[in-house]
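Protein chains in written order, with the numbering used here: chain P, 262 to 707; chain E, 640 to 959. Here is the structure we will look at, set down as structure tokens.
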Amino acid sequence: MGSTGRPGCRAPGRRPAAVRAGAGALAGALLVAVAGCAGADAEGGPPALTWYINNQNQEALAERCSQEADGYTIETSLLPASNAAQREQLLRRLAANDRSIDVLSLDPPFMAEFANAGFLREFTEEEAAELSEGVLDGPLEQSLFDGAMYIAPFYGNTQLLWYRRSVAQAAGLDPAAGPVTWDQLIEAAEQTGTTVAVQGLRNESMTVWVNALVESSGGTILADGQEGAPADEVRAAIDSEAGAAAAELISRIATSPAAPPALSTAGEESSRAAFQADDGGFMVNWPYVWAAFAAAVESGSVPADFLDDVGWTRYPRVDPGTPSATPLGGIGLGVGAFSEHPDLAVEAVRCLRSEQSQTEYMLAAGDPAASAAVYDDPAVREAFPMWEAIREGLVDAAPRPITPFYGDVTGSVQQSFHPPAALSPETTPARTAALIEGVLSNDRLL
Amino acid sequence: MSTSVPAAAAEVRGRAPQPPPPGRRRPRASDRTRKERNLGWMLAGPAFVLMVGVTGYPVLNAVWLSLFDYRLTDPGARSFVGLGNYATILTDGLFWRQLGVTTAITVVTVAVEFVLGFALALVMHRALVLRRALRTAILVPYGIVTVISAYAWQYAFTPAQGFVNPLFGLGGFDWFGETVPALVVVCLSEIWKTTPFMSLLLLAGLAQIPGDYLEAAEVDGATAWQRFRKVVVPNMKAAIMVALLFRTLDAFRIFDSVFVMTQGAQGTETLSFLAYRQTISRVMIGLGSAVSVILAVLVVLIAVLFIKGFKTDLSQQRGS
């Protein structure tokens with residue numbers, strides 16, 4: 262829950278006076294009420310910054326940083342759960358020059374769009390140098406657009422391969438011993454009558470999967486070096502061997518007996534359910550599942566020794582000879598371009614993403630830190646026995662395309678790569694490329 | 640044919656204020672009529688101006704915006720494209736596909752709702768005992784927020800957790816994994832939720848039929864079916880049209896159920912979804928406005944077709 266009832270309005274005490282001043286006309290009252298919402302500092306006392314958070318666990322950080330700071334307090338406002346809905350709300354607010362957004366938790370793929378539109382305050386070179394110190398490669402890369410930093414890496418996220426040790430053993434596969442390929446997983450699952458749980462739902466997780474597969478075979482979704490290109494000049498590069506390999510693999514899983522039930526509507530939680538089921542075998546998913554497994558053990562929905570049977574390793578390879586490009590997620594902290602206290606907001610960002618904050622947040626929310634040093638903390642290593650695999654994944658990660666038109670790119674990919682069972686290596690990549698370019702030059706609908 | 644007399648009488652009644660014969664000047668209104676008319680304008684004027692302001696301005700603005708290639712996050716690249724957005728939409732297979740899906744949902748849900756709604760209206764009208772409780776019970780689904788009912792139906796049909804598959808022994812059948820089953824669930828949820836609305840409107844129509852007509856028909860020896868066809872239905876024409884029209888317009892703009900259940904996947908996207916995706920997700924204000932304008936034109940067309948098709952002039956309808 263957001264601690265402020267009305268995110269934009271932080272000084273209810275001022276409103277009656279303001280309304281009196283604008284007495285009478287409806288329009289006048291509205292205008293004054295809006296004016297009465299901006300900034301609490303006129304009341305005296307330190308200004309209250311508003312942080313638009315994407316996860317309730319971030320409230321604790323806001324509280325601690327408010328106590329430690331002497332020039333400001335931080336209030337939070339919770340965004341919707343899905344990242345598409347988060348983007349829509351932030352975009353609408355910032356397009357209307359919303360001054361109430363001081364700090365925002367932003368999904369990095371959307372950063373370029375926000376930055377290009379002038380919705381984010383660019384961090385100065387000194388700030389950027391300070392905020393990138395000790396940050397792992399993946400989270401850092403997705404915070405930069407056109408050579409400048411627009412979001413400060415807060416946490417990174419990467420998918421791992423999770424497997425049931427008993428199943429892998431029965432199939433004669435030892436994922437811990439060395440890199441495994443998707444083909445090996447599918448064969449092992451088919452052989453043992455188990456499933457390979459993946460996210461086949463038509464939403465952002467589909468793009469995450471496609472991007473990881475394409476990048477793992479050495480390709481990209483968009484051609485390189487087009488960060489500043491106008492929409493109708495952006496070129497897709499997915500119509501390639503890498504794109505074909507991705508389409509083939511996805512359709513192979515979807516049409517295999519190893520496909521989990523309802524694959525075409527399966528998100529992360531459905532994947533976890535499939536992995537926890539009796540015929541669970543393998544799964545790619547974010548590290549949050551570890552805490553969720555523990556909770557499932559506690560509630561008795563899986564056997565007490567379930568955790569002992571769960572193994573993990575790096576994201577699987579497409580091509581046996583090429584290291585996998587791991588999926589990358591996470592959150593960066595941006596400063597709203599229309600904030601009335603940008604300097605204080607930068608101060609707040611420093612505190613909110615300090616190593617201490619990242620450590621606390623990782624332990625509370627289960628989302629992996631962006632800074633390398635956090636992984637040296639004994640408490641983190643104890644809570645996350647797979648910390649090495651996570652850290653490795655965050656270093657070798659491949660961000661999703663960094664482009665101001667990411668929304669259209671991901672929408673086109675999701676539309677073309679769904680439903681998973683209907684993909685074809687011959688036509689899907691070409692169709693995807695044509696859709697991306699057609700949509701961006703306003704010739705096609707999405 | 641004696642049973643159709645009341646209907647004919649109603650027709651005549653409906654046309655009561657005869658238009659002046661052509662070629663003759665309109666009689667001058669008396670002072671009193673003029674004053675009443677002026678008073679009417681003065682009383683309704685402010686509301687009229689406000690309505691035009693809050694509905695007319697956005698509509699015109701949307702029409703204006705639909706002529707631009709305009710992305711909210713890239714305002715610098717805004718350019719006038721004339722009817723280009725309309726050409727893009729009307730030549731894209733996606734639009735026609737979604738028009739088909741929307742039409743299919745509309746036809747199926749409205750047809751089923753009409754039959755069910757009529758049956759429920761008759762039951763409510765005739766019920767002798769527990770009348771109030773019955774009406775309340777029938778209206779409950781309509782009181783539920785669409786998003787919530789959509790989630791309830793989605794959960795019910797989810798393969799792993801829902802109760803529908805075990806109940807009918809369908810195993811792991813994935814309702815939302817293919818177009819037709821997903822649309823079936825969407826339609827079921829719509830029908831469940833809005834049939835009460837339909838039956839309420841029809842009940843109002845039923846209540847307006849004077850009992851004498853039915854009695855007269857019965858005395859003349861009409862069977863129950865004949866009474867229904869020749870007395871009840873013709874006398875409810877206006878109510879039936881209103882019920883069908885309202886529901887058709889509503890069903891044609893369907894959005895929430897699809898958004899909740901499939902997020903538009905599996906080819907279940909409707910026209911409202913298309914407008915949402917262009918305007919809200921892609922922030923392509925121009926293209927999205929053009930989709931909305933097309934949607935609005937289609938809605939107006941439907942309304943005109945209904946009113947012409949039923950040959951009913953609502954402005955002349957009076958309560959008995």
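Built from N, CA and C at the ideal position, the CB exists for glycine as well.
{"query": "Under 7 Å by beta carbon: chain P residues contacting E/I919", "result": "E349"}
{"query": "Beta strand (DSSP E) segments (min. 3 residues) lying fully within the region 383–411 of chain P", "result": "none"}
{"query": "Proximal chain P residues relative to E/D731, where beta-carbon distance stays under 7 Å", "result": "R705, L706"}
{"query": "Stretch pair the region 510–529 of chain P + the region 591–598 of chain P: three plus CB contacts closer than 8 Å", "result": "no"}
{"query": "Cα-Cα separation, E/Y696 to E/A929", "result": "16 Å"}
{"query": "Contact with chain P by E/T887, beta-carbon distance below 8 Å", "result": "no"}
{"query": "Spatial neighbours of P/G274 in its chain, beta-carbon cut-off 6 Å, leaving aside the 5 residues before and after", "result": "Reliability fails at P/G274, whose pLDDT of 37 lies under 50, so the model's placement of it is uncertain and the value that follows must be treated cautiously. No residues qualify anywhere along the chain."}
{"query": "P/W551 to E/V702 span [Cα, whole Å]", "result": "52 Å"}
{"query": "DSSP-derived helix/strand/coil call for P/P414", "result": "strand"}
{"query": "Proximity winner among P/D637, P/Q460, P/L365, relative to P/T526 (alpha-carbon distances)", "result": "P/Q460"}
{"query": "Span separating the alpha-carbon of P/M623 from that of P/S615", "result": "12 Å"}
{"query": "Contacting positions in the region 792–811 of chain E - beta carbon closer than 7 Å to chain P", "result": "P798, A799, G811"}
{"query": "Cβ of P/T693 within 8 Å of any chain E Cβ", "result": "no"}
{"query": "Beta-carbon proximity check, P/N384 vs P/L355, cutoff 8 Å", "result": "One point to set straight first is that residue 384 of chain P is Phe, not Asn, in the sequence displayed. Not in contact: P/F384 and P/L355 (Cβ atoms no closer than 8 Å)."}
{"query": "Pairwise C-alpha distance: E/P780 and E/W831", "result": "7 Å"}
{"query": "Local conformation of P/I592 per DSSP, three classes", "result": "strand"}
{"query": "Rounded distance between the beta-carbons of E/V899 and E/V803, thought under 8 Å", "result": "In fact, because the Cβ distance is near 16 Å, the residues do not count as touching under 8 Å."}
{"query": "Classification of P/D363 by the beta-carbon crowding that lies within 10 angstroms, buried from 16 upward", "result": "buried"}
{"query": "P/M544: first and last residue of the uninterrupted beta strand (DSSP E) it sits in", "result": "541–546"}
{"query": "Environment of E/K886 [buried if 16+ CB atoms lie within 10 Å]", "result": "Note that residue 886 of chain E is Arg in the sequence shown here, rather than Lys. Classification for E/R886: buried."}
{"query": "Contact the region 530–546 of chain P vs the region 502–515 of chain P: 3+ CB pairs below 8 Å", "result": "no"}
{"query": "Close beta carbons around P/L701, own chain, < 7 Å, minus the five adjacent residues each side", "result": "A492, D493, V495, F666, D669"}
{"query": "Under 9 Å by beta carbon: chain E residues contacting P/S525", "result": "D813, F815, G816, E817, A904, Q905"}
{"query": "Any C-beta of chain P under 8 Å from that of E/V922", "result": "yes"}
{"query": "8 Å Cβ cutoff, P/D539 in contact with chain E", "result": "no"}
{"query": "DSSP three-state assignment for E/G816, whether helix, strand or coil", "result": "helix"}
{"query": "As assigned by DSSP and simplified to three states, the class of E/A942", "result": "helix"}
{"query": "Proximity to P/R661 [Cα-Cα], best of P/S477, P/A505, P/T334", "result": "P/S477"}
{"query": "Neighbouring residues, chain P, relative to E/F734 (Cβ below 9 Å)", "result": "L706"}
{"query": "Cβ of E/L926 within 8 Å of any chain P Cβ", "result": "yes"}
{"query": "Stretch-stretch touch, CB-based, cutoff 8 Å, three pairs: the region 425–443 of chain P with the region 479–487 of chain P", "result": "no"}
{"query": "DSSP-derived helix/strand/coil call for E/A821", "result": "helix"}
{"query": "Inter-residue Cα distance where the pair is E/F719 and P/N703", "result": "13 Å"}
{"query": "Contact set between E/R717 and chain P, taken where Cβ atoms lie within less than 7 Å", "result": "Ordered by position in chain P, no residue passes the 7 Å Cβ test against E/R717, which lies about 12 Å from the chain."}
{"query": "Per DSSP, the bridge partner or partners of P/A630", "result": "P/Y416"}
{"query": "CA nearest to the CA of P/A644, picked from P/V656, P/E621, P/T574", "result": "P/E621"}
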